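Visitor: Before anything else, here's the structure in question.
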Amino acid sequence: MAPTILVTGARGQIGSDLIPALRVQHPTTKIIASGRRTETKKEIELLGYEVLDVTDNLHLQKIIEQYQVGTIYHLAGVLSAKGEQNQKLCWNVNVNGLKNVLEAAKSYRLKVFWPSSIAVFGANTPKVNTPQTTIKEPSTIYGITKVTGELLGQYYAHQFGVDVRSLRFPGIISYSTPPGGGTTDFAVEIFAEAIKKGSYTCFVHPETRLPMMYMPDAIKAILKLMQAEPAAITVRSSYNLAAVSFSVAELVAEIQKHIPNFTCHYRPDFRQAIADSWPSVIDDTQARKDWGWQPSYDLTAIVADMLQHLSIRSSELVVSS
Ligand code: SER
């Protein structure tokens with residue numbers, strides 16, 4: 002049997018969709034989902050779930066040894082908005098957690114995936130067609146932890162030959178889990194509110210334009226990157242990755258094509274400054290060249306698919322309640 006796959010932060014936004022995809026791709030491989038939350042006994046049996054706080058280095062090592070882990074998808078992390086509210090936690094989970102994973106990867110010869118973010122960029126970075134290699138002076142503690150993580154990953158790859166791979170994700174739009182404390186959460190929340198209430202109050206202004214991606218594309222990117230031959234991976238810090246860029250006003254107009262009476266109000270808060278510090282369009286030429294990255298979903302396709310899935314879910318809830 003192939004060495005076990007361990008997923009940290011498994012119940013988060015990416016993990017919730019990545020684990021089913023990994024099960025399809027590796028049907029005979031044991032996959033251990035882990036996270037800080039205690040699950041019910043049934044869930045533990047069903048999912049192969051382990052309670053694991055990635056800042057607990059000894060426990061991480063114990064799980065790696067116990068299950069003979071060969072690959073880690075290290076998804077545990079604190080996002081940008083939540084990070085500003087708890088900088089200490091953000092640093093501890095995002096930097097010390099990753100450092101523990103990289104140390105383990107060095108000792109046990111593990112392959113690692115971890116997500117970085119467009120948050121590594123800041124106000125001095127070119128906003129349009131942001132290059133792979135450019136100024137990285139983030140204004141958030143989250144961005145600082147991601148820059149640190151990228152440098153750590155690159156260091157472990159070059160110094161110790163650790164096979165670490167990473168993507169700078171834009172905002173990810175998905176329907177499996179509620180959003181988890183990021184600045185791009187509005188692009189997820191808006192769909193559920195449009196269906197439930199017919200209106201949404203957005204915490205950034207209508208002209209805010211950010212790079213975004215639909216979850217199936219994010220999953221496709223992770224699987225493709227992890228399948229690539231090691232020699233093809235020329236970037237060990239983290240790859241720029243793009244799919245679509247749109248303003249909130251454009252998103253609202255696209256939703257209104259399906260829900261004509263939908264209205265959006267605007268009440269910008271501290272997240273506006275974070276959004277303003279990030280690029281609006283990312284250049285992902287290197288990812289396309291090295292391992293054949295190609296997104297599938299544009300704004301029209303994302304909105305249609307999101308509304309369809311969330312509508313089915315809300316009608317199921319009405320029927321079963
Ligand atoms: N979506 C993330 C956030 O908003 C960015 O990586 O924090």
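Quick note, the sequence shown lines up with residues 2 to 322 if you use the numbering used here. Ideal placement from N, C-alpha and C gives every residue a C-beta, glycine not left out. Predicted model, so just to flag it, every value in this text is computed and none were measured.
#1: Kindly indicate which three-state DSSP category I313 falls into: helix, strand or coil?
#2: Might you give, ordered along the chain, the residues of its own chain that have their beta carbon closer than 8 Å to the beta carbon of N125, omitting 5 neighbours on each side?
#3: I need the straight-line Cα distance from Y298 to T185, nearest angstrom please.
#4: According to DSSP, simplified to helix, strand and coil, what is G123?
#5: Please find out if some non-hydrogen atom of the ligand SER comes closer than 8 Å to the beta-carbon of L80.
#6: Would DSSP call H259 helix, strand or coil?
#7: When the Cα atoms are used, what is the spatial distance from I275 to G183?
#8: Count the other CB atoms within 10 Å of the CB of E66; is the residue buried (16 or more) or exposed (fewer)?
#9: Measure the alpha-carbon distance for G144 versus C91 and round it to whole angstroms.
#10: Evaluate F187 with the Cβ neighbour count: other Cβ atoms within 10 Å of its Cβ, from every protein chain shown; 16 or more gives buried, anything less gives exposed.
#11: Does at least one heavy atom of the ligand SER sit under 8 Å from the Cβ of G182?
#12: Check whether the Cβ atoms of A3 and H27 sit closer than 9 Å, and answer yes or no.
#13: With a threshold of 16 other CB atoms inside 10 Å of the CB of S140, please say whether the residue is buried or exposed.
#14: Name the DSSP beta bridge partners of V282, please?
Guide: Let me spell this out:
#1: helix
#2: I136 and E138
#3: 17 Å
#4: coil
#5: yes
#6: coil
#7: 10 Å
#8: exposed
#9: 10 Å
#10: buried
#11: yes
#12: yes
#13: buried
#14: Note: V282 sits in no beta bridge, so no partner.
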